[in-house]
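Asker: Quick one: this structure, given as structure tokens, is what I'll be asking you about.
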Amino acid sequence: MSLDLKFTYTEKKDTRSGFGDGFLEAGRRNPNVVGLCADLIGSLKMGDFQKEFPDRFFQTGIAEANMIGLAAGMTLGGKIPFAGTFANFATGRVYDQIRQSVAYSDKNVKICASHAGLTLGEDGATHQILEDLGMMKMLPHMTVINPCDYNQTKAATLAIAEYEGPVYLRFGRPSWPIFTPADQKFEIGKAWKMIDGKDVTIFATGHLVWEAVVAEAMLRQEGIHAEVINIHTIKPLDQEAILESVKKTGCAVSAEEHQINGGLGDSIAQTLIRHNPAPLEYVGVNDSFGESGTPTQLLEKYGLNAENIVKAAKRALARK
Amino acid sequence: MEKQSIEQLQNICTQLRRDVLRMVHAVQSGHPGAPLGCAEFFVALYFDQLHHNPDFKMNGSGEDLFFLSNGHLSAGWYSVLARSGYFPVEELKTFRKLNSRLQGHPATHEHLPGIRIASGSLGQGLSVALGAAQAKKLNQDDKLVYILMGDGELQEGQVWEAAMYAAHYGVDNLIATVDYNGQQIDGPTTKVMDLKNLKAKWEAFGWEVIETKNGNDLKSVIEGLELAKSLTGKGKPVMNLLYTEMGYGVDFMVGTHKWHGSPPNDEQLAKALGQLEETLGDY
């Protein structure tokens, strides 16, 4: 049976390309935008910027700690550095550098992290970081953004160039449906209600927003009307939008390509517990590392696809 | 700032040492040894070498910049900043106390004039200084970037990432100084983790290296910094290995790691201050 999807797509693309194209555009708009990358220029899609603005781009070699420090220092001359590498090396490897030289020092550095989560695929668990959102959201001053598709990633990249302050921008490698509009306005910290519903709210971030859109159509076939909210900004969290939706629906599901511990779901749980206790079911990785496989296989095996969101929604509903 | 005589500068060094000892004594915490050993460097830099403006602007455009990577020398840095007009000398008495701008380790969070980056977690400063130096080049700002690191700090791997980068990009508007006192908190560097031939290491990484053999002699320190400056703009980053003695200026503190992170008690303070004449007035 075909699904009646509220959002559809004609093209798939990787979110990292949205970053790369947004980064180039940001560079054209503002001469203070500069780039740094630790030997992954091709993977991060930073090559077009490097080609057009060679003097404003710094290959750092395989030395991420130095890259973060360099970026912090460049802000002192009014530069807006975009420092790119894989999400694992952009967070866990350099946590103390980000903490001291960027977050605590309140520097206008944009940490741009590709290949996040399971959907990096075949490279396996060494590279599939599932803890980065947690680490980054714990840092005071840090803004944490995890867009859902090519268009939203491009819009987010342009938005963070204009925002003053440290930002962690997370995106990924797999080819993914482009289902949000090209001309969208990206408002940092403002959740986007994509689909209205009354029975259960699905709060999704990153690649799993698409899975949530699919899940909504599957639930609707069974007479369950889910509200889908795109939480592209994990921090600051749009608590108002979360509370308003759950007030109406009475239960919720969080969906993220991240550990359940410390992820978006935990931020939502904190919000609900303090203001409106309601059943919340988590869709995320349950305290384990990933492994090699295709993105689709991995999302299925680790319980992160639309079917799992549907199951979680039913569990939440049953607890109402 | 008007150039001062060596004698005047020496008086500032003595006062800086008094400030450091009184500051760490007052809160019974902090690191007196290394700032005592770097008094001449701090004073030579701020009162003789730097083109800087105590009317502090974070971006430091058109000024020389200084970064303290070994942030535990904060007491010495705060003293020289206050004494050169960045903030009231009286504020030194708030060092390490609640609600102070003078945090245990330097921070930008409380907006203390003169500080551009937090430091204390070691090994990060050279990277930051290089970024600032490259931003100056992009901005066609011909002023220099200075940075001080500890010798023990060179055990951090990030320093060598930065060392490699600096030479690769020919960041020649940067003068790095290593406080080469041979001591770290657990003991002499030769015992904790031997640095072996530092000069050869930096040279092998592609730096122009000079040695200032007497880092506790003001004239030598100034000459060293002048020489370092003359070597900038020639395609290589410049390293100044500054041989100092930890705890210099107080006979029972000099040359040992024992005062790296320990404050003097009342009696020890009195004895130490007896060896350092009050020159500019205590805070």
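Sequence lines, in order, name chains A and B.
Each residue of the first sequence is one higher than the last, beginning at 1 in our numbering.
Each residue of the second sequence is one higher than the last, beginning at 1001 in our numbering.
Virtual Cβ for every residue (Gly too), placed ideally from N, Cα, C.
#1: Taking the alpha carbon of A:Met67 as the reference point, which residue from A:Asn151, A:Leu237, A:Thr91 and A:Leu139 has its own alpha carbon closest?
#2: Report the neighbours of B:Ala1132 on chain A: residues whose CB is nearer than 8 Å to its CB, in chain order.
#3: Using a Cβ-Cβ cut-off of 6 Å (strictly less than) and excluding sequence neighbours within five positions of A:Leu299, which residues of its own chain qualify?
#4: Please state the DSSP three-state secondary structure of A:Arg173.
#5: Cβ closer than 9 Å: which chain A residues qualify as neighbours of B:Gln1155?
#6: Less than 8 Å between the CB atoms is what I'm expecting for A:Val228 and A:Ile268, so what's the real figure, rounded?
#7: Give me the DSSP bridge partner(s) of A:Val228.
#8: So, for B:Phe1198: in the same chain, excluding its five sequence neighbours on each side, which residues have a beta-carbon less than 8 Å away from its beta-carbon?
#9: Cβ of A:Ala87 within 8 Å of Cβ of A:Arg170?
#10: To be precise: take each residue of the region 80-111 of chain A, compare its Cβ to all Cβ atoms of chain B, and keep it if any distance is under 7 Å. Which residues remain?
#11: In terms of DSSP beta bridges, what is A:Lys51 paired with?
#12: Looking only at DSSP bridge pairs, what is B:Gln1183 linked to?
#13: Could you give the first and the last residue of the continuous beta strand (DSSP E) run that contains B:Tyr1243?
#14: Tell me whether the beta-carbon of B:Gln1184 lies closer than 8 Å to the beta-carbon of B:His1072.
#15: How long is the line joining the alpha carbons of B:Val1171 and A:Ile234, rounded to whole angstroms?
#16: Taking any Cβ of chain B, which residues in the region 157-172 of chain A have a Cβ under 9 Å from it, in chain order?
#17: For A:Ala212, collect the residues of the same chain with a Cβ closer than 7 Å to its Cβ; drop the 5 residues on either side in sequence, then sort them by chain order.
#18: Taking only three categories from DSSP, how would you classify B:Gln1028?
#19: Taking A:Gln259 as the reference, which of A:Phe89, A:Leu133 and A:Phe23 has the closest Cα?
#20: Quick check: the Cα distance between B:Glu1245 and A:Asn32, rounded to an integer number of angstroms?
#21: Determine the chain B residues that contact A:Arg56 at a beta-carbon separation under 8 Å, and present them in chain order.
#22: Cβ atoms of A:His232 and A:Trp192: under 8 Å apart, would you say?
#23: So is B:Gly1150 in contact with chain A if we call contact Cβ pairs under 8 Å?
#24: Just confirm the distance between the C-beta atoms of B:Leu1050 and B:Phe1066, as a whole number of angstroms; I'd bet it's less than 8 Å.
#25: Taking one C-beta from the region 1033-1053 of chain B and one from the region 1209-1221 of chain B each time, how about it: are there three or more such pairs within less than 8 Å?
#26: Please determine, among A:Pro277, A:Ala71, A:Thr126 and A:Ile80, the residue with the shortest C-alpha to C-alpha distance to B:Ser946.
#27: If you run the structure through DSSP and keep just helix, strand and coil, what is B:Thr1232?
#28: My understanding is that A:Cys148 touches A:Val209, with C-beta atoms under 8 Å, so please give their C-beta distance in whole angstroms.
#29: Please tell me whether B:Tyr1078 has its Cβ less than 8 Å away from any Cβ of chain A.
#30: Indicate whether at least one CB of chain A lies closer than 8 Å to the CB of B:Thr1279.
#31: Note down the Cα distance separating A:Asn286 from A:Gly262, rounded to an integer number of angstroms.
#32: Check the DSSP bridge columns for B:Glu1091 and list the partner residues they point to.
#33: Does DSSP put A:Glu187 in a helix, a strand or coil?
#34: Tell me which residues of the region 1167-1180 of chain B have at least one Cβ-Cβ distance to chain A shorter than 8 Å, keeping chain order.
#35: Distance check for B:Leu1273 and B:Asn1265, CA to CA, integer angstroms please.
#36: Within the chosen definition, does the region 1003-1013 of chain B reach the region 1092-1112 of chain B through at least 3 CB pairs nearer than 8 Å?
Answerer: Considering the structure as presented:
#1: A:Thr91
#2: Gly73, Met74, Leu76 and Gly77
#3: Asn305
#4: coil
#5: By Cβ distance, chain A contributes nothing, its closest Cβ being about 14 Å from B:Gln1155, past 9 Å.
#6: Not really, about 14 Å apart at Cβ, beyond 8 Å.
#7: A:Ile195 and A:Ile202
#8: Position check: residue 1198 of chain B holds Leu in this sequence, whereas Phe was assumed. Within the same chain, B:Leu1198 has close Cβ partners Asp1151, Leu1154, Val1178, Tyr1180 and Leu1241.
#9: yes
#10: Asp96, Gln97, Gln100, Ser101, Tyr104, Ser105 and Asp106
#11: DSSP output for A:Lys51 lists no bridge partner at all.
#12: B:Pro1188
#13: Val1238 to Tyr1243
#14: no
#15: 38 Å
#16: none
#17: Ile202, Ala204, Val228, Ala255 and Ile309
#18: coil
#19: A:Leu133
#20: 43 Å
#21: Leu1138
#22: yes
#23: no
#24: 6 Å
#25: yes
#26: Outside the displayed span of chain B (1001 to 1283) sits residue 946 of chain B, for which this structure offers no information.
#27: coil
#28: 4 Å
#29: no
#30: no
#31: 11 Å
#32: Looking at the DSSP assignment, B:Glu1091 forms no beta bridge with any residue, so it has no partner.
#33: coil
#34: His1168 and Tyr1169
#35: 12 Å
#36: no
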